[in-house]
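S.K.: All residue numbers for the first sequence refer to full-length UniProt numbering, where the first residue is 1 and numbers rise by one. First the structure, which I've put down as structure tokens, then a few questions once you've had a look.
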Amino acid sequence: MRSTASIMHLDLDAFFASVEQRDKPSLRGRPVIVGGIGPRGVVATASYEARVHGVRSAMRTAEARARCPHAAFLGGRFDAYREASRIVMERLREETEVIEPLSLDEAFVDLGAGPTFDPDRVEDIVAAIRADIANLTGGLTASVGVASSKLMAKIASEINKPDGVFVVEPGTEADVLGPMQATVIPGVGPATAERLRRVGILTVEDLRSPSEDELVRLLGQSSGRSLHRMARADDDRPVMASRETKSVSVEDTFEQDISDRVQLEAIIERMARSVSGRLRKNGLSGRTVTLKMRHHDFETHTRSTTLSNPTDNARILATTARGLLAGEDISNGLRLLGVGVSGLADWVQDDLFATDEDDDVEDEVVEETVTRPTRWYPGMDVHHDDHGDGWVWGSGLGRVTVRFETRWTPPGPVHTFLADDPALGAGHTGTFDA
DNA sequence: TCTGGGGTCCTAGGACCC
DNA sequence: TCTGGGGTCCTAGGACCC
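Below, the structure written as structure tokens:
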């Protein structure tokens, strides 16, 4: 915690809805709700006119419709939001390079890292930034908090929202924080709040009573230690100007549950292409492929596998993800499916002009349906058949289809297989050595 | 006709290696 | 031969954030 109020948190007010109202004058002064507009949609952002009627983010759109039937329900125009966000972030960067965007509509700014920062003029600096944002974006408003730490700046930006500013005077942090609900501390969500409530902790003040060890016992190492400090407004986390991407994923909730494997596999193909495209655009590739499945009863499971080499290739991602689906019982239907990649590496892209079609050039795909394999892979399910005359493969009860793929993906060839033994009712996927 | 999509971070257990 | 500890990687799940 530094001695001057020089960390700013800026939060654009009702961002998606405000962009819509800016671009469509007929929506100004009216309730606007942006989010999923299908039967299973939820609200992403509600304008303040809609919040009056109790509409909140993450609320089901069906409920929002019931509460506020006269609102405009919009699906969202992310290109417009990204552009508005870019303009705002660019303006913030004029203050200092040390800005940390948290999302399209939020960022920390280390004002103290600016070349000409004067702590006595914080109010003027903030006023100039907010005026510029309004001018540059066609009237978007922002709420701002300034304090000696990220924690207090973030909390302060909520205090005079919307279109307001709050500066926490250095030295008053703990006093400002004490009377607030423990849930104002970022990271204290519903589950943690409930655990705390059960031991009588409601406010930040209450959170100062237990020792660090007691909080660790209650909430685990990481949360326990950090909450013990946060409760005392003790926070020296730096504003981080750049953060590397850790994962890339796509998911979709269907309007109706899907139990048809062929249909799900086709969706996986589409998602794999989407993930692949985004990996390539960012010069990334990853080793761990994750399939996310939400069942009809909302039970959610992930299945993942780690390849021996990073890939950004749509077909490898699709083959791998399909293999992960193969072992799952989907007879009651899935409401959501997702494909993700993590374990990312940024490799030097050696073939900038390659297209998806070009990728096929050096690929080798061998598919065989056999009772005995002609090639072997690690972990191949081979066991001795006591009733027969030797070693069998898979269940030993029938034909097994194996698809071996070799693809040349920098920095080297990637060999994957997908084995499907109907009698086992399970697919087996992974990598093999050539 | 309950409950989005895109992320991050943490925990915990097992495998494996030294 | 037995026991133990630590570190790292992998998988799965969960909490949380906007």
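Yeah, the Cβ is synthetic: ideal placement off N, Cα and C, and Gly gets one too.
Return yes when the Cβ of residue 207 is within less than 8 Å of the Cβ of residue 174, no when it is not.
M.R.: Numbered from 1 along the first sequence, position 174 holds the residue referred to as residue 174. Numbered from 1 along the first sequence, position 207 holds the residue referred to as residue 207. For residue 174 and residue 207, no; Cβs fall outside 8 Å.
S.K.: Express the C-alpha separation of residue 311 and residue 74 in angstroms, rounding to a whole number.
M.R.: Sequence index remark: in the first sequence, residue 74 carries index 74 (1-based). Sequence index remark: in the first sequence, residue 311 carries index 311 (1-based). Across the structure, residue 74 and residue 311 are spaced so that their CA atoms are roughly 36 Å apart.
S.K.: Excluding sequence positions up to five away, which residues of its chain have a Cβ less than 7 Å from the Cβ of residue 48?
M.R.: Within the first sequence, the letter at position 48 stands for residue 48. Closer than 7 Å at the Cβ level, and outside the excluded window around residue 48, lie 14, 162.
S.K.: Just to confirm, is the Cβ distance from residue 6 to residue 112 under 8 Å?
M.R.: For the purposes of this step, residue 6 is taken as the residue at position 6 of the first sequence. For the purposes of this step, residue 112 is taken as the residue at position 112 of the first sequence. The answer is yes: Cβ separation under 8 Å.
S.K.: At which residue ranges does the region 152-183 contain complete alpha helix (DSSP H) runs of 4 or more residues, listed in the order of the chain?
M.R.: 173-177
S.K.: Using the C-alpha atoms, what's the distance from residue 319 back to residue 292?
M.R.: Working through the first sequence from its first residue, we reach residue 292 at position 292. Working through the first sequence from its first residue, we reach residue 319 at position 319. Using only the alpha carbons, I get a separation of about 15 Å.
S.K.: Just verifying my parser: in three-state terms, what is the DSSP assignment at residue 101?
M.R.: The residue labelled residue 101 in the question sits at position 101 within the first sequence. Residue 101 falls in the strand class under three-state DSSP.
S.K.: Give the C-beta separation of residue 8 and residue 166 to the nearest angstrom, bearing in mind that I take them to be a contact with Cβ-Cβ under 8 Å.
M.R.: Along the first sequence, one-based indexing puts residue 8 at 8. Along the first sequence, one-based indexing puts residue 166 at 166. About 11 Å; that fails the 8 Å criterion.
S.K.: Just how far apart, CA to CA, sit residue 30 and residue 46?
M.R.: Position 30 of the first sequence, counted from the first residue, corresponds to residue 30. Position 46 of the first sequence, counted from the first residue, corresponds to residue 46. Straight-line Cα distance between these residues: approximately 11 Å.
S.K.: With a floor of 4 residues, list each alpha helix (DSSP H) that falls wholly inside the region 199-281, ordered by position along the chain.
M.R.: 204-207, 212-219, 221-230, 261-281
S.K.: Counting only the same chain and skipping the five closest in sequence on each side, list residues whose C-beta sits under 6 Å from that of residue 280.
M.R.: The residue you call residue 280 lines up with position 280 of the first sequence. Closer than 6 Å at Cβ, skipping near neighbours: 312.
S.K.: When the Cα atoms are used, what is the spatial distance from residue 266 to residue 272?
M.R.: Position 266 of the first sequence holds residue 266. Position 272 of the first sequence holds residue 272. Computed Cα separation, rounded: 10 Å.
S.K.: Opposite residue 114 in the DSSP bridges: which residues?
M.R.: Taking the first residue of the first sequence as 1, we reach residue 114 at position 114. Paired residues: none, contrary to the question.
S.K.: Check whether the region 208-215 touches the region 184-192, counting contact only when three or more Cβ pairs, one atom from each stretch, lie closer than 8 Å.
M.R.: no
S.K.: For the region 245-264 against the region 118-125, do three or more pairs of beta-carbon atoms, one drawn from each stretch, fall closer than 8 Å, so that the two count as touching?
M.R.: no
S.K.: Taking its Cβ as the centre, do 16 or more other Cβ atoms sit within 10 Å of residue 138, making it buried, or is it exposed?
M.R.: In the first sequence, residue 138 corresponds to position 138, counting from 1. Result: exposed.
S.K.: Please state whether DSSP places residue 323 in a helix, a strand or coil.
M.R.: For the purposes of this step, residue 323 is identified with residue 323 of the first sequence, where counting begins at 1. Here residue 323 sits in helix by DSSP.
S.K.: Between 53, 160, 289, which has its C-alpha nearest residue 304's C-alpha?
M.R.: Within the first sequence, numbered from 1, the residue matching residue 304 stands at position 304. Answer by Cα proximity: 289.
S.K.: What distance in whole Å lies between the Cβ atoms of residue 344 and residue 249, which are believed to be in contact at a cut-off of 8 Å?
M.R.: Start at 1 with the first residue of the first sequence, and residue 249 comes out as number 249. Start at 1 with the first residue of the first sequence, and residue 344 comes out as number 344. So it is not a contact: roughly 11 Å between Cβ atoms.
S.K.: My guess is that residue 58 and residue 42 are in contact by the Cβ rule of under 8 Å, so how many angstroms apart are they, rounded?
M.R.: Locating residue 58 in the first sequence gives position 58, where the first residue counts as 1. Locating residue 42 in the first sequence gives position 42, where the first residue counts as 1. 6 Å between Cβ atoms; contact.
S.K.: Give the secondary structure of residue 150 by DSSP, where H, G and I count as helix, E and B as strand, and everything else as coil.
M.R.: Start at 1 with the first residue of the first sequence, and residue 150 comes out as number 150. Note: residue 150 maps to helix in three-state DSSP.
S.K.: Enumerate, from N- to C-terminal direction, the unbroken alpha helix (DSSP H) stretches of 4 or more residues contained entirely within the region 17-67.
M.R.: The qualifying runs are 48-51, 61-67.
S.K.: How is residue 78 classed by DSSP in three states: helix, strand or coil?
M.R.: Position 78 of the first sequence holds residue 78. Note: residue 78 maps to helix in three-state DSSP.
S.K.: Which term fits residue 309, buried or exposed, when burial requires 16 or more other beta carbons within 10 angstroms of its beta carbon?
M.R.: Locating residue 309 in the first sequence gives position 309, where the first residue counts as 1. By the neighbour-count rule (16 or more Cβ atoms within 10 Å), residue 309 is buried.
S.K.: Using the Cβ count rule (16 or more neighbours within 10 Å means buried), how would you classify residue 197?
M.R.: Position 197 of the first sequence holds residue 197. Burial call: exposed.
S.K.: Can you look up residue 85 in the DSSP assignment and give me helix, strand or coil?
M.R.: One-based indexing of the first sequence puts residue 85 at position 85. Helix.
S.K.: Are the Cβ atoms of residue 148 and residue 170 separated by less than 8 Å?
M.R.: As a first step, residue 148 must be located in the first sequence, where it is residue number 148. As a first step, residue 170 must be located in the first sequence, where it is residue number 170. Going by C-beta atoms, residue 148 is nearer than 8 Å to residue 170.
S.K.: Return the CA-CA distance between residue 339 and residue 251, expressed in angstroms with no decimal places.
M.R.: Locating residue 339 in the first sequence gives position 339, where the first residue counts as 1. Locating residue 251 in the first sequence gives position 251, where the first residue counts as 1. If you take the alpha carbons of residue 339 and residue 251, they lie about 6 Å apart.
S.K.: By DSSP's criteria, residue 11 is part of a beta bridge. Which residues make up the other side?
M.R.: Residue mapping note: residue 11 aligns to position 11 of the first sequence, counting from 1. According to DSSP, which records beta bridges pairwise, residue 11 is partnered with 106, 143.
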